[in-house]
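Take a look at the structure below.
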Amino acid sequence: MQGKILKSDNPWIEHNPQWVRTATGAHLSLYQNIHRTDVKPYLFVGGVHGDEPEGVRLAEEFLLWLKTHSNEQDHPWILIPCLNLDGFQNNQRTNSRGVDLNRNFPSRDWVLSEEKNRYYSGPSSNSELEVQGLVKLINEIKPLVIIHFHSWKPCVVYTGAPGKPYADFLTLGNNYDSHEDIGYPTPGSLGQYGWLEHKIPVICIEEQEFSSLENVWPHFMQGLTGLIQGKLL
Ligand SMILES: [Zn+2]
Numbered sequence: 619m620q621g622k623i624l625k626s627d628n629p630w631i632e633h634n635p636q637w638v639r640t641a642t643g644a645h646l647s648l649y650q651n652i653h654r655t656d657v658k659p660y661l662f663v664g665g666v667h668g669d670e671p672e673g674v675r676l677a678e679e680f681l682l683w684l685k686t687h688s689n690e691q692d693h694p695w696i697l698i699p700c701l702n703l704d705g706f707q708n709n710q711r712t713n714s715r716g717v718d719l720n721r722n723f724p725s726r727d728w729v730l731s732e733e734k735n736r737y738y739s740g741p742s743s744n745s746e747l748e749v750q751g752l753v754k755l756i757n758e759i760k761p762l763v764i765i766h767f768h769s770w771k772p773c774v775v776y777t778g779a780p781g782k783p784y785a786d787f788l789t790l791g792n793n794y795d796s797h798e799d800i801g802y803p804t805p806g807s808l809g810q811y812g813w814l815e816h817k818i819p820v821i822c823i824e825e826q827e828f829s830s831l832e833n834v835w836p837h838f839m840q841g842l843t844g845l846i847q848g849k850l851l
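Residues in the sequence shown are numbered consecutively from 619, following our numbering.
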């Protein structure tokens, strides 16, 4: 891990404000509470797609809750509020190099796709600094489950059958549909990478796109805080 880990106001939370430096020189933040070592941590990722503000809002509100509630009994967790900070600042899906981060992961099904495409895979798998950072982190910590936050049609999608109970749990408070597979191939996605290469189930939360940002946290609060409090173990 690059950067320095800092203590935050909550003594159980560590903050690394310079976890990854992007191609534009921007720094990505990482927060964690990994004090318990008897179980593997959850890994939460917001802002994979820069034009899905619902996903960033969800991560930010979750972090606010964690800052006041996180303690030594938490199920260990790591949270990256916004993976694609450069894209988010320009309200674009891809990063500053035009790459869809969710098609750039080094899974065995990665394929080169056309540049100028909103799903551009990048010139090679794992070519992007944001993806390299996350791949390194996944290899180091081997999370129990990876959960990333998006917006589209409202649903909770899991890749890897062991992800089903987590996906179902995350529909508490919103009654969204949960199902395996999003309905079209996603080569080089985080889901494919986590499951095919590591057998780590990956959950993709899709909030209703263009919905009021005020509603995002209430929709997922019960599920996300329940995971942290160990209600699904
Ligand atoms: Zn997305």
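Using N, Cα and C, we set each Cβ at its ideal position, and we do this for glycine too.
Less than 7 Å separating the Cβ of residue i from some heavy atom of ligand 1?
i	result
H768	yes
H816	no
V717	no
E746	no
V666	yes
E672	no
Express the C-alpha separation of residue j and residue i in angstroms, rounding to a whole number.
i	j	result
P803	K625	41 Å
F828	N702	19 Å
N628	W683	11 Å
L648	P761	15 Å
D727	Y811	9 Å
H645	G716	18 Å
W695	V663	11 Å
K817	V763	10 Å
R675	L831	7 Å
E825	K782	18 Å
T640	E746	8 Å
F787	P635	30 Å
K685	G806	33 Å
K734	S743	17 Å
I846	G643	32 Å
G848	Q840	12 Å
I765	P819	9 Å
S714	F706	10 Å
In its own chain, which residues sit with a C-beta less than 6 Å from the C-beta of residue i, not counting the 5 before and 5 after it?
i	result
L842	F680
H633	L624, S626, Y649
N709	D669
A785	V774, Y776, S796, I821
L730	S739
G621	N634, Q636, W637
If distances are taken between C-alpha atoms only, which option among the options comes closest to residue i?
i	options	result
E732	S725, R726, D718, P694	D718
T712	H837, F723, Y738	Y738
P699	K734, F787, G806, E678	E678
S725	F706, K734, Q707, V749	V749
K771	N744, D692, E670, L845	E670
I631	Q691, R639, D795, I756	Q691
R654	I759, V638, R736	I759
G844	K622, G621, W637, Y660	Y660
H768	K622, G778, V666, L788	V666
F723	Q707, G801, L752	L752
E672	V638, D799, P836	P836
L808	T789, K754, N689, D656	K754
V657	L850, V729, G778, H693	H693
H687	G801, N651, N793	N651
L850	I823, L790, G621, G801	L790
E798	G848, F706, P780	P780
N833	N792, G740, P741	N792
When every heavy atom of ligand 2 is checked, does at least one fall within less than 7 Å of the C-beta of residue i?
i	result
E679	Absence of ligand 2 from the depicted structure is noted, with ligand 1 being the only ligands included.
Could you name the residues of the same chain whose beta carbon sits closer than 7 Å to that of residue i, not counting the 5 residues immediately before and after it, in chain order?
i	result
N689	W630
Problem set entry | Every unbroken beta strand (DSSP E) inside the segment 713-782 [3 residues or more] | 763-770, 773-777
Problem set entry | Ordered list of beta strand (DSSP E) runs contained in the segment 641-723, each at least 3 residues | 645-651, 660-664, 695-698
Exercise. What are the start and end residues of each continuous alpha helix (DSSP H) run of 4 or more residues lying completely inside the segment 773-845, in chain order?
Worked result: 782-787
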